[in-house]
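> If you scroll down you'll find the structure; I have some questions about it.
There are 2 protein chains.
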Amino acid sequence: MLLPDWLKNYQRAQLNGDLLAGIIVAVVLVPQSMAYGMLAGLPPEVALYSSVLPLILYAIFGSSRTLAVGPVGLMSLMTGATIIELDIVHANEIVSAAHTLALLIGIILLLMRILKLGAVINFLSHPVISGFVSASAIIIALSQMKHIFGLDVPRGLPAYETLYLIITQAPQSNVVTLLIGIASLLLLWCFKSPLVNLLKKIGTTEAALQFISKSGPLFAVVFSTFAVFHLELNKQFIVPIIGHIPLGLPNMILPNLNPQLVMQLLPNALLIALIGYLESISIAKSMASQKRQKIDSNKELAALGSANIASAISGGFPVAGGFGRSMVNFSAGANSPLASVITAGLVGLTLVTLTPLFFFLPKAALAAIIILAVIPLIDTHTFKHAWNYDRTDAFSMLITFFTVLIINVETGIVAGIAMSIGLYLHRSSQPHIAIVGRVEGTEHYRNINRHTVVTDKEILALRVDENLYFANTNYLEDTIMRFVADNQFINHVVLICSSISFIDSSALESLDNILYRLKKANIQLHFAEVKGPVMDKLRTTTFLKKMGEEHIFLSTHQAISFLNTKH
Amino acid sequence: MLLPDWLKNYQRAQLNGDLLAGIIVAVVLVPQSMAYGMLAGLPPEVALYSSVLPLILYAIFGSSRTLAVGPVGLMSLMTGATIIELDIVHANEIVSAAHTLALLIGIILLLMRILKLGAVINFLSHPVISGFVSASAIIIALSQMKHIFGLDVPRGLPAYETLYLIITQAPQSNVVTLLIGIASLLLLWCFKSPLVNLLKKIGTTEAALQFISKSGPLFAVVFSTFAVFHLELNKQFIVPIIGHIPLGLPNMILPNLNPQLVMQLLPNALLIALIGYLESISIAKSMASQKRQKIDSNKELAALGSANIASAISGGFPVAGGFGRSMVNFSAGANSPLASVITAGLVGLTLVTLTPLFFFLPKAALAAIIILAVIPLIDTHTFKHAWNYDRTDAFSMLITFFTVLIINVETGIVAGIAMSIGLYLHRSSQPHIAIVGRVEGTEHYRNINRHTVVTDKEILALRVDENLYFANTNYLEDTIMRFVADNQFINHVVLICSSISFIDSSALESLDNILYRLKKANIQLHFAEVKGPVMDKLRTTTFLKKMGEEHIFLSTHQAISFLNTKH
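Protein chains in written order, with the numbering used here: chain A, 1 to 567; chain B, 568 to 1134.
What follows is the structure in structure tokens.
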């Protein structure tokens, strides 16, 4: 039988860690799933269904040992926003669209695997991701405030409108709901650090500490549900509750593949797939490097693709590796994906036995769980860092951040990518060009403005710190001509190519021009330190014949020495 | 009075050249203008109006002495395609939209001047431009075939549909029109080289040769008009003719600035402005470099912007510097923009005296003029060159070429730009990373795979041939870790930064990671040849403190020598 590697080599010693981690993650996952379902505007069972089969598929195909797959905040937010754009009202159709979206995301990830396109996420620069995640966290937190206040604010609005509506409607808040919300927030906050500190002081064992500290959401759910049920808060004070969740495992379904629906979902499916993959692989890599394990990005694409398809056909919505739960899994001592299989089993058990107990679960408690889960994602550190180190990076981050907040998540991420690429191109279109001279007593040549160097008035030695390509050839041509015009004595121009890894055909044409214009002015062009791959390509051109291969030198020092002996 | 420089320093000796060039260009411009008007689907007088005031404005503000401004093929094609998308049928509204388009283009060019955005054309790589121009030339030539055959084919179709319609409808051709078309093509072709060769043999003077060789279009117009008039071909055989052109100079008008129209025209106005500016500045630069004159791209933006606004308010359509006419102007000996002023005067004179004579001018003759004007623009040389030198460039060229042919001009240019940028990013996201060693007897370090070099098994010296930025940091990290994993003896990694001109904040984070991961494996990281600007920025970070500034060496040789003495 074709077993995954981790299962073939499974050792008895790994079981304890996996068992504990699997249980703790399940305790976190059940309430979090329902909360993320609510965030996406979907019934809680859809989110619970997404927490069974996808985990098993990832356990079989994934390369991370500790990544905890399931519903995640960002994808749930984007799923909700995508579905609301469809303008459908019937509840069945909304759920059905979520299945289709998950299927499309799964197919896109598998296609990315086949086409080996995993590297596209490299074009999401760190500041853009950080701006995007921070703004999304704010949107998610804001979107949940209505549940805390017990208000009826429409979904899918820009952040500032949501905020405005909540502030203006605050006087109409449902006070009992608000009390439940605040109590839940306080309870969850206590579990985060005050309780942990207390338990540490009284000397609780590490395993118990792990378990207790992660069970905040479970307690919030249990307490608030009991309060609503016992005091009949849903009837007496119309506190919004989760309501009926069907008992039993999901049925296998074939998602709706109506071409019109598919075309409508496709652009956002692409973005959500990208974000889901990015989030998963970043988490997986960061955990793996701490244990010197390897993450295979191809395997990750295949595993996440399969997990999403599994989610789609088992009545779920899009899934990815979640940061919070993966950390829980990792720090609770998960040794292998068996932990995830155990989690999936426990969620399945919940579905067949416990769902009726969630009937009275107030939405405000779930909202509190979401809010406390996303607040740590608001990242001011990266902004400060980028601001000090590189203003253009800080600028892309701000643009992404505000576009997400003011327009929407999809536009924000696209604007951020466009911004990063645009700034990079702008930077490389005006390369740094230095006049260099010899550092005395060495064969080393450096910028005349930064080092004490020896130069020769007949020789202009220029170092271009960039590849030559269409966007910077005009700049190079203009700069060389300007230097030459400024200095009457120059008879030789030595172009130091140590930073040039390729010369595209526009640049080659420009070099042809430079050679021609210099010749007209009785100036000889030389190259030094041309790299192997560049030289190979130049040899195929007529440019080299026009210039003469004798004007190409291995090192700057050879070029300058040769020219010095000549005159 | 504020006179342009060329006028203040005008010398009597320049007059002869300017006069001759001015007259020859006018002889070419009058029939060509009407032809380009037809190409844009506009009445001939609109094109003639575009050939008066814009020329004078360019003469005042432009920096090229010989650029011949007026209606040009590419812009006329794009103007026609833009207006047809508006779905307006009334002739007055069509003309009015053309004025608005010219005004928008003028404003965009002036804005580009103010924002100093002239450099954006650098992002149009040479192969993309070549593919775009070649495909446009084919579209223009195809679009005129219907006039040659006397067929009624709708405008604005993709090239293949136009071709298909012409072939299938060919049997219904108007035979007399076809004869006029073929005769005109033959006449124009004869003027191109057979006649010139003949005249040279019989020893005609250079000035007469210039004049005669450029007057092909004039003769085609005169002969065909006379034939139609004399034989009443328009009545007897329904040969399509130009018809009534109002006598007199244009009235000043204020273009329609209806916001809806402006918004519809804006995207294409941007592209047309870009193409017009690109065409003009390339021609101006190529002529100026032959006479060691300077082109100021800011002045060009201002001058072309003013020329388009002048065209808009004097009843014209978008204008730019035309390649063919500029060459005529240049080779006929134009010494200053006075030549253009003379041309403008002669076109004005034509408008007040000669337009009734054009009544019987057959459209087939104008079509022949356009076809012979654009055929030289089909550029196979650049493709062959790119194919041999750089396949990715050849590939962008093909994509642009076929997108223009199959979809349309606007999509083609956008696809070409996206393609060039995408390929460039792809290339720079997988930088060349070489392991280097010392070339014996020198202080020079080169790739171990290409040169016979000395290495030390404890020291890994790596040269990264690219700036470090978000798109390639993962690749760098993976590559270094792979090299280190492959070689157990390594204790020191020296990163040679000679090709690194900037490190963005994503890359800085990655370097932090690399440092951390190497330290865990007991390997020390060193930098060599860090450039001044990069070092300045690194000094502001905590990374440098973590790594230790003592691990940064001025040259690779210093780094290796130091490490060699240590162990």
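Where is the CB? At the ideal position from N, CA and C, for every residue including glycine.
Need the endpoints of the beta strand (DSSP E) that ASN447(A) sits in, please.
Taken as a continuous stretch (DSSP letters only), the beta strand (DSSP E) holding ASN447(A) covers 445-447.
> Return helix, strand or coil for HIS526(A), following the three-state DSSP convention.
DSSP places HIS526(A) in strand when its eight states are reduced to three.
> What do you get for LEU508(A), buried or exposed, if any count of 16 or more other CB atoms within 10 angstroms of its CB means buried?
With 16 or more Cβ atoms within 10 Å of its Cβ, LEU508(A) is classed as buried.
> Classify PHE1120(B) as helix, strand or coil using the three-state DSSP reduction.
Of the three classes helix, strand and coil, the one that applies to PHE1120(B) here is strand, per DSSP.
> For VAL409(A) and LEU423(A), what's the separation of their Cα atoms in angstroms?
Whole-angstrom Cα-Cα distance: 21 Å.
> Would you mind telling me which residues of chain B sit closer than 7 Å to SER498(A), beta carbon to beta carbon, in chain order?
In chain order: SER1065, SER1066.
> At what residue ranges does the stretch 480-550 of chain A contain a whole run of the alpha helix (DSSP H), taking only runs of 4 or more?
Here the runs fully enclosed are 505-520, 532-538, 543-547.
> Does ASP558(B) have its Cβ less than 7 Å from a Cβ in chain A?
Summary: the structure shown does not reach residue 558(B), with chain B confined to residues 568 through 1134, and so no result is reported for it.
> Can the beta-carbon of VAL656(B) be found closer than 7 Å to that of GLY815(B)?
Not in contact: VAL656(B) and GLY815(B) (Cβ atoms no closer than 7 Å).
> Measure the alpha-carbon distance for LEU1029(B) versus ALA137(A) and round it to whole angstroms.
For LEU1029(B) and ALA137(A), the distance between alpha carbons rounds to 40 Å.
> Reducing DSSP to helix, strand and coil, say where VAL25(A) ends up.
If DSSP states are grouped into helix, strand and coil, VAL25(A) belongs with the helices.
> Note down, in chain order, all residues in the stretch 870-891 of chain B with a beta-carbon under 9 Å from any beta-carbon belonging to chain A.
From the stretch 870-891 of chain B, no residue has a Cβ closer than 9 Å to chain A.
> Are any of the Cβ atoms in chain B nearer than 7 Å to that of ASP296(A)?
No, its Cβ sits nowhere closer than 7 Å to a Cβ of chain B.
> What alpha helix (DSSP H) runs, 4 residues minimum, are completely inside the stretch 303-387 of chain A?
DSSP runs (the alpha helix (DSSP H)) wholly in the stretch 303-387 of chain A: 323-331, 338-353, 363-374.
> In the DSSP assignment, find the beta strand (DSSP E) that holds ALA1028(B) and state where it starts and stops.
That run of the beta strand (DSSP E) goes 1026-1031.
> Give me, in chain order, the residues of the same chain whose beta-carbon lies closer than 7 Å to that of LEU653(B); leave out the 5 immediate sequence neighbours on both sides.
Cβ neighbours of LEU653(B) beyond the five flanking positions: ALA664, GLN831.
> Helix or strand or just coil, what does DSSP make of ARG1017(B)?
Reduced to three states, the DSSP call for ARG1017(B) is coil.
> Quick check on GLN827(B): buried or exposed, where buried means 16 or more other Cβ atoms within 10 Å of its Cβ?
So GLN827(B) counts as exposed.
> Could you run through the stretch 462-492 of chain A and flag, in chain order, every residue whose CB is less than 8 Å away from some CB of chain B?
Taking 8 Å as the Cβ-Cβ cut-off against chain B, the residues of the stretch 462-492 of chain A that qualify are ASP465, GLU466, ASN467, TYR469, PHE470, ALA471, ASN472, THR473, ASN474, TYR475.
> Using a Cβ-Cβ cut-off of less than 7 Å, give me the residues of the stretch 121-140 of chain A that come near chain B, in sequence order.
Result list: ASN122, PHE123, SER125, HIS126, PRO127.
> Leaving out five residues on either side along the sequence, give the residues of the same chain with a beta carbon under 8 Å from the beta carbon of PHE1129(B).
PHE1120, listed in sequence order.
> For chain B, find out if any of its Cβ atoms is closer than 7 Å to the Cβ of ASP379(A); answer yes or no.
So, not an interface residue.
> Kindly say whether THR1108(B), judged by its beta-carbon, lies nearer than 7 Å to any beta-carbon of chain A.
So yes, THR1108(B) belongs to the interface.
> At a Cβ threshold of 7 Å, is GLU728(B) touching chain A?
So, not an interface residue.
> If you count every other CB in all the chains shown that lies within 10 Å of the CB of MET252(A), and 16 or more means buried, which is it?
So MET252(A) ends up on the exposed side.
> Measuring only the C-alpha atoms, how far is PHE383(A) from PHE395(A)?
Between PHE383(A) and PHE395(A), the C-alpha separation is close to 9 Å.
> Using a Cβ-Cβ cut-off of 7 Å, state whether ARG680(B) counts as contacting chain A.
Answer no: the Cβ-Cβ gap between ARG680(B) and chain A never drops below 7 Å.
> Who are the Cβ neighbours of ILE459(A) in its own chain at under 6 Å, not counting the five residues just before and after it?
Same-chain partners within the cutoff: HIS492, LEU563.
> Using a cut-off of 7 Å between C-beta atoms, extract the partners of GLY1099(B) located in chain A.
Here the neighbours are ASN447, ARG450.
> Quick one, which residues of the stretch 1000-1014 of chain B are near chain A if we go by CB-CB under 9 Å, in chain order?
Answer in chain order: ALA1001, VAL1006, THR1009, GLU1010, HIS1011, ARG1013, ASN1014.
> Consult DSSP for ILE808(B) and reduce its assignment to one of helix, strand or coil.
Reduced to three states, the DSSP call for ILE808(B) is strand.
> State the start and end residues of the unbroken beta strand (DSSP E) segment that holds ALA1001(B).
Run containing ALA1001(B): 1000-1006, per the beta strand (DSSP E) assignment.
> Could you check if VAL30(A) is buried or exposed, using at least 16 other CB atoms within 10 Å of its CB as the buried criterion?
VAL30(A) comes out buried.
> Mind checking the stretch 956-988 of chain B against chain A and listing, in chain order, the residues whose C-beta falls within less than 7 Å of any C-beta there?
So the list reads TYR956, ASP957, ASP960, SER987, ILE988, given in the order they occur along the chain.
> Starting from the C-beta of GLN711(B), find all residues in its chain whose C-beta is less than 6 Å away, skip the five residues before and the five after it, and write them out in chain order.
Once the five neighbours on either side are set aside, the close Cβ partners of GLN711(B) are ALA934, ILE937, ILE938.
> For MET568(B) and ALA887(B), I'd like the C-alpha separation in whole angstroms.
Note that MET568(B) scores a pLDDT of 49, beneath 50, so its modelled location is shaky; the value from the coordinates is reported in the next line. Straight-line Cα distance between these residues: approximately 28 Å.
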